[in-house]
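A.B. asks: First residue of the sequence shown? That's 173 in our numbering, and the numbers climb one at a time after it.
Don't be surprised by glycine CBs; every beta carbon is placed ideally from N, CA and C.
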Amino acid sequence: MRQILLALLFFAVAAPACAWNAAGHRLTAVIAWQQLSPPTQAAIAAALSRHPDYARWAERSRSGKDVDIFAEASTWPDNIRNDPRFYDEHREPPTPALPGLTDTARHKRWHYVDLDTAGKTIAGELDSQIERLSRILRSTRKKAEISNALPWLTHLVADIHQPLHVGRHGDEGGNAVEIENPFNKRLPFTSLHVYWDDLPGPPWLRGKRLQQNAARLQANHPAPKQGDVALWRRESHRLLAEAYPETSGSPQPIVTEDFRQHSRAIAERRIVAAGYRLGKLLEDIFGQRVRQNTLKSRHERPAPDR
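#1: So phenylalanine 355 is in the beta strand (DSSP E); what residue range does that whole segment cover?
#2: Taking the alpha helix (DSSP H) that aspartate 250 falls in, what are its first and last residues?
#3: Helix, strand or coil for phenylalanine 258, going by three-state DSSP, please let me know.
#4: Between the stretch 444-457 and the stretch 196-207, do at least 3 Cβ pairs fall closer than 8 Å?
#5: Jot down the residue ranges of each uninterrupted alpha helix (DSSP H) in the stretch 307-369, minimum 4 residues, whole runs only, in chain order.
#6: Mind checking threonine 212: buried by the 16 CB within 10 Å criterion, or exposed?
#7: Using 8 Å as the threshold, is the stretch 252-261 in touch with the stretch 276-293, meaning 3 or more CB pairs across them?
#8: Helix, strand or coil for threonine 428 per DSSP?
#9: So which of Ile302, Glu418, Gly379, Ala316 has the shortest CA-CA distance to alanine 446?
#10: Where does the unbroken alpha helix (DSSP H) through aspartate 238 begin, and where does it stop?
#11: With DSSP run on the structure shown, which of helix, strand or coil describes leucine 287?
#12: Taking only the alpha-carbon atoms, compute the straight-line gap between alanine 413 and aspartate 250 and give it to the nearest angstrom.
#13: Can you tell me where the alpha helix (DSSP H) holding threonine 212 begins and where it ends?
#14: For the alpha helix (DSSP H) holding alanine 402, just list the boundary residues, first then last.
#15: Determine the DSSP secondary structure at alanine 395, reduced to helix, strand or coil.
#16: Taking the straight line between their C-alpha atoms, what separation do you get for leucine 287 and lysine 468?
#17: Take aspartate 238 as the anchor and find which of Pro266, Val202, Pro268, Asn254 has the nearest alpha-carbon.
#18: Can you give me the C-alpha to C-alpha distance between threonine 362 and lysine 314, rounded to a whole angstrom?
#19: Rounded to the nearest angstrom, what separates serine 300 and histidine 365 at their Cα positions?
#20: DSSP state of alanine 445, grouped into three classes?
#21: Nearest to arginine 461 by alpha carbon, out of Trp192, Asn347, Arg410, Ile216?
#22: Evaluate contact between the stretch 409-428 and the stretch 304-320, counting only Cβ atoms and requiring at least three cross-stretch pairs below 8 Å.
#23: Excluding five sequence neighbours on each side, which residues of the same chain lie with their C-beta closer than 7 Å to the C-beta of phenylalanine 355?
In C-alpha cells, the structure reads:
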C-alpha cells in the first residue's frame with residue numbers, strides 16, 4: 173500500500189506546482205470583486221467576454237453571473253497546463269494562435285519566484301510578471317492584450333500570496349518534500365506543496381458555498397496594507413519558515429494538529445490579503461480606464477444645435 177502511495181506522490185511531485193487550488197483562486201477573486209465599483213465590474217466583465225474561453229467560464233460558473241465568471245477566469249492559467257491548444261515555450265513548438273489572445277504559451281515560470289537567503293531572485297518570474305501585466309493593463313488600447321492579461325494578473329496576485337510560490341531554490345516549492353498528513357485518510361502521504369494548495373477547500377467550491385466562505389474569511393481577517401509587489405513577495409518569503417512541518421520522529425515531516433491549525437490560519441489570511449489587494453489593484457487600473465473612456469466620449473459627443 174505504501175508503494176502505491178509513494179507512486180502517487182511521485183506523480184504529484186512531477187506535476188507542475190499550481191499554487192492555491194481552484195478554490196483558493198476563486199475565493200481570492202470573489203473577495204476582490206466585492207472591492208470593485210459597479211463601473212469597474214462592468215469593464216472587467218466586458219474584457220473577459222472577449223476572451224476565447226469566456227463560454228467555458230460561463231458554463232463552469234453554473235450561474236452565468238459576472239462575479240462567478242470572474243472567479244472561473246482566475247483559474248484559467250492553471251487549467252491551460254494540460255490544454256493541447258497551449259504549449260510549453262521551453263520544450264515545445266508554438267501552437268496555432270487563438271483569437272483574443274496575444275500568445276498560447278503556458279508560461280509555467282510566471283507562477284513562482286525562488287529567492288536565495290538574501291532575498292535575491294534565482295529563478296521564476298512571478299513578481300516581475302505581475303508588474304508587467306499591470307503596466308499592460310494600464311496602458312494598452314488593444315482588446316486582445318487586455319483579455320489576455322486580465323486572467324493572468326488575477327491569478328498571479330493570488331499565487332504570490334502562497335508562501336511556497338516564493339520559495340527555496342532546490343525543493344521545487346515544496347513539491348520535492350514528502351510529508352505525512354494523518355488528517356487526510358485518502359492520501360496520507362503527499363507533497364508539501366499539494367498540502368498547501370488544498371488548504372483553501374475542495375477544488376469544486378463554487379456558488380453559494382463559495383460566497384459564504386469568502387464572507388467568513390473577510391469577517392475573520394481585516395483588510396491588509398496594500399503595499400506593492402515587493403511587499404507581497406517579502407511577506408510570503410518570511411512565512412516560508414512556518415510552511416514546513418517538523419519531523420517529530422517520523423521519517424518525513426508530519427502534519428500535527430498544531431501545524432494543521434497554524435497553516436490553515438496562514439492560508440486564510442493570505443487569501444484574504446490577496447483578495448483585497450487584487451481588488452484595489454484592479455480598481456486602480458480599470459477605474460482609471462473607465463474615467464478616461466468617459467471623458468473621451470464626452471469630448472467626442474457632438475455639440476447641440478443652437
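C.D. replies: Here's the rundown:
#1: Taking the sequence shown and counting its residues from 1, one reaches residue 355 at position 183. It is not in any beta strand (DSSP E) - phenylalanine 355 carries neither H nor E in the DSSP assignment.
#2: The residue labelled residue 250 in the question sits at position 78 within the sequence shown. Where aspartate 250 is concerned, the enclosing alpha helix (DSSP H) stretches over 248-251.
#3: If you number the sequence shown from 1, residue 258 lands on position 86. It is coil, neither helix nor strand.
#4: The stretch 444-457, when compared against the stretch 196-207, does touch it at the 8 Å Cβ threshold.
#5: Complete alpha helix (DSSP H) runs here, min 4: 315-331, 364-369.
#6: Here residue 212 is taken as the residue at index 40 of the sequence shown, counted from 1. Threonine 212 should be labelled buried.
#7: With a cut-off of 8 Å, the stretch 276-293 and the stretch 252-261 count as touching, because enough Cβ pairs lie within range.
#8: Residue numbering aside, residue 428 sits at position 256 when the sequence shown is read from its first letter. Here threonine 428 sits in coil by DSSP.
#9: In the sequence shown, counting from the first residue as 1, residue 446 sits at position 274. Comparing Cα-Cα distances from alanine 446 to each of Ile302, Glu418, Gly379, Ala316, the minimum goes to Ile302.
#10: Within the sequence shown, numbered from 1, the residue matching residue 238 stands at position 66. That run of the alpha helix (DSSP H) goes 238-245.
#11: Counting from 1 along the sequence shown, the entry for residue 287 is found at position 115. In the three-state reduction of the DSSP assignment, leucine 287 falls in the strand class.
#12: By 1-based counting over the sequence shown, the position of residue 413 is 241. By 1-based counting over the sequence shown, the position of residue 250 is 78. Alanine 413 and aspartate 250 have their alpha carbons spaced roughly 26 Å apart.
#13: The sequence position of residue 212 within the sequence shown is 40, counting from 1. From DSSP, the alpha helix (DSSP H) with threonine 212 extends over 210-221.
#14: Sequence index remark: in the sequence shown, residue 402 carries index 230 (1-based). Segment 401-411, the alpha helix (DSSP H) holding alanine 402.
#15: On the sequence shown, residue 395 is found 223 positions in, with the first residue counted as 1. Reduced to three states, the DSSP call for alanine 395 is coil.
#16: Numbered from its first residue, the sequence shown carries residue 287 at position 115. Numbered from its first residue, the sequence shown carries residue 468 at position 296. When the Cα atoms are used, leucine 287 and lysine 468 turn out to be separated by approximately 44 Å.
#17: For the purposes of this step, residue 238 is taken as residue 66 along the sequence shown, with counting starting at 1. If we check each option's Cα against that of aspartate 238, Val202 comes out closest.
#18: On the sequence shown, residue 362 is found 190 positions in, with the first residue counted as 1. On the sequence shown, residue 314 is found 142 positions in, with the first residue counted as 1. In this model, threonine 362 and lysine 314 are separated by some 43 Å (Cα to Cα).
#19: In the sequence shown, counting from the first residue as 1, residue 300 sits at position 128. In the sequence shown, counting from the first residue as 1, residue 365 sits at position 193. The alpha-carbon atoms of serine 300 and histidine 365 are separated by roughly 22 Å.
#20: By 1-based counting over the sequence shown, the position of residue 445 is 273. In the three-state DSSP reduction, alanine 445 falls in the helix class (H, G or I).
#21: On the sequence shown, position 289 is the one that residue 461 refers to. That would be Ile216, whose Cα lies nearest to the Cα of arginine 461.
#22: Between the stretch 409-428 and the stretch 304-320 there are fewer than three inter-stretch CB-CB distances shorter than 8 Å, so the stretches are not counted as touching.
#23: The sequence position of residue 355 within the sequence shown is 183, counting from 1. Cβ neighbours of phenylalanine 355 beyond the five flanking positions: Val427, Arg432.
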